[in-house]
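Input: a single structure, listed below in structure tokens.
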Amino acid sequence: MRRSLGGLILLVSAGFFALAISTFWLGRVAFSPEVNTESTYAILGDEDIQQQISSVVSGADAQELGLSPADLKVLVNQVTRIRDGATEMRVFTAAAHERLIGDRDEAVVITPAEQVQITRTERAAVLPAITLPVERVAAFDVLSSITSWAALVSIGIAVVTLLFGLILRPERGEFSYAFGTGCIATGVGLIISGYLVPTFVFPLISDDIWVGVFPSLATHRMPLTFGAAFTLIVLGAAAMLFTGGGRQRRQRSTPLAATRYREQQRWSN
Numbered sequence: 003m004r005r006s007l008g009g010l011i012l013l014v015s016a017g018f019f020a021l022a023i024s025t026f027w028l029g030r031v032a033f034s035p036e037v038n039t040e041s042t043y044a045i046l047g048d049e050d051i052q053q054q055i056s057s058v059v060s061g062a063d064a065q066e067l068g069l070s071p072a073d074l075k076v077l078v079n080q081v082t083r084i085r086d087g088a089t090e091m092r093v094f095t096a097a098a099h100e101r102l103i104g105d106r107d108e109a110v111v112i113t114p115a116e117q118v119q120i121t122r123t124e125r126a127a128v129l130p131a132i133t134l135p136v137e138r139v140a141a142f143d144v145l146s147s148i149t150s151w152a153a154l155v156s157i158g159i160a161v162v163t164l165l166f167g168l169i170l171r172p173e174r175g176e177f178s179y180a181f182g183t184g185c186i187a188t189g190v191g192l193i194i195s196g197y198l199v200p201t202f203v204f205p206l207i208s209d210d211i212w213v214g215v216f217p218s219l220a221t222h223r224m225p226l227t228f229g230a231a232f233t234l235i236v237l238g239a240a241a242m243l244f245t246g247g248g249r250q251r252r253q254r255s256t257p258l259a260a261t262r263y264r265e266q267q268r269w270s271n
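My numbering applies: residue 3 is where the sequence shown begins, and numbers increase by one.
Here it is, written out as structure tokens:
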């Protein structure tokens, strides 16, 4: 079916809305560090990150606390897998995330107060801070900036093209068709940007241990990502089905109306 210029521009607008929402959600999932117990608990579920924290802490504190490194490592591993432990580690975990994506220049440290909670030993309060070996990955710094700008530029273009398309007075049904297309594209985009890219693409960029934050956070937000995506896809499909059904009804009614008009003309003559 041929579409009017206004209808085509509305489709373009729908595509940019989908891109804006998808890139925003990618930034929210992957590039928005939070000092939050639930997010930290998800990150600490990554075995490599968990092992690095326990190894660094046990290596620095075991002798000072009169414990064997192996025993202290086991204890720290246990602490990382409880929510109370995630609460105590949420500050330096968020700092490590910030450092990874280039939002932080300072080294990531575990303070004496945090060591007390992690080791469950008050004597750790007098120990020096421990530095975690987290390095900035330039690729994620660039991707974080691109994601932010892409979301802003896309939403701006989407709004402008939407207004322009409406001014051109699209034909009946073209707005709902564009809306349905945009919803489906957004739903698919959410799955790609909110789960597939952080889980399967980002780990290929760098072998840094802390890259594990991306799959962990994507999995943590997976119910919300897939729930929103499914809702949008169903809504979009319903809008497109309604538009197609309405068009078919109008097409079936047109020949009948034209025939009646010709018959009326013959009788009037």
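Just so it is clear, CB atoms sit at the ideal spot from N, CA and C, and this is done for glycine as well. Quick caveat, the model's predicted, so the values are computed rather than measured.
{"query": "For Thr42, the first and last residue of its enclosing alpha helix (DSSP H)", "result": "Thr39 to Ile45"}
{"query": "Straight-line Cα distance separating Val155 from Phe18", "result": "9 Å"}
{"query": "Neighbourhood of Ala16 by C-beta, 6 Å cutoff - its chain only, sequence neighbours within 5 removed", "result": "Ala180, Thr183 and Gly184"}
{"query": "Continuous alpha helix (DSSP H) stretch holding Leu168: start and end", "result": "Ala140 to Ile169"}
{"query": "Which of helix, strand or coil DSSP assigns to Leu28", "result": "helix"}
{"query": "Beta carbon of Pro200 nearer than 8 Å to that of Val31", "result": "yes"}
{"query": "Glu103 (DSSP reduced to helix, strand or coil)", "result": "First, the amino acid is wrong: residue 103 is Ile here, not Glu. Ile103 falls in the coil class under three-state DSSP."}
{"query": "Any 3 or more C-beta pairs closer than 8 Å across the stretch 61–77 and the stretch 119–131", "result": "yes"}
{"query": "Whole-angstrom C-beta distance between Thr121 and Val59, which should lie under 8 Å", "result": "7 Å"}
{"query": "Three-state secondary structure assigned by DSSP to Thr133", "result": "strand"}
{"query": "Straight-line Cα distance separating Val213 from Asp107", "result": "17 Å"}
{"query": "Per-residue DSSP class, three states only, for Leu12", "result": "helix"}
{"query": "Three-state class that DSSP yields for Gly247 in the structure shown", "result": "Low local confidence applies: a pLDDT of 48 at Gly247 is under 50, so the model's placement there is unreliable, and no value is given."}
{"query": "Ile112, enclosing alpha helix (DSSP H) - first and last residue", "result": "First-last for Ile112: Val110 to Ile112, but that is the beta strand (DSSP E), not the alpha helix (DSSP H)."}
{"query": "As assigned by DSSP and simplified to three states, the class of Ile84", "result": "coil"}
{"query": "For Arg101 and Leu7, the rounded distance between their alpha carbons", "result": "47 Å"}
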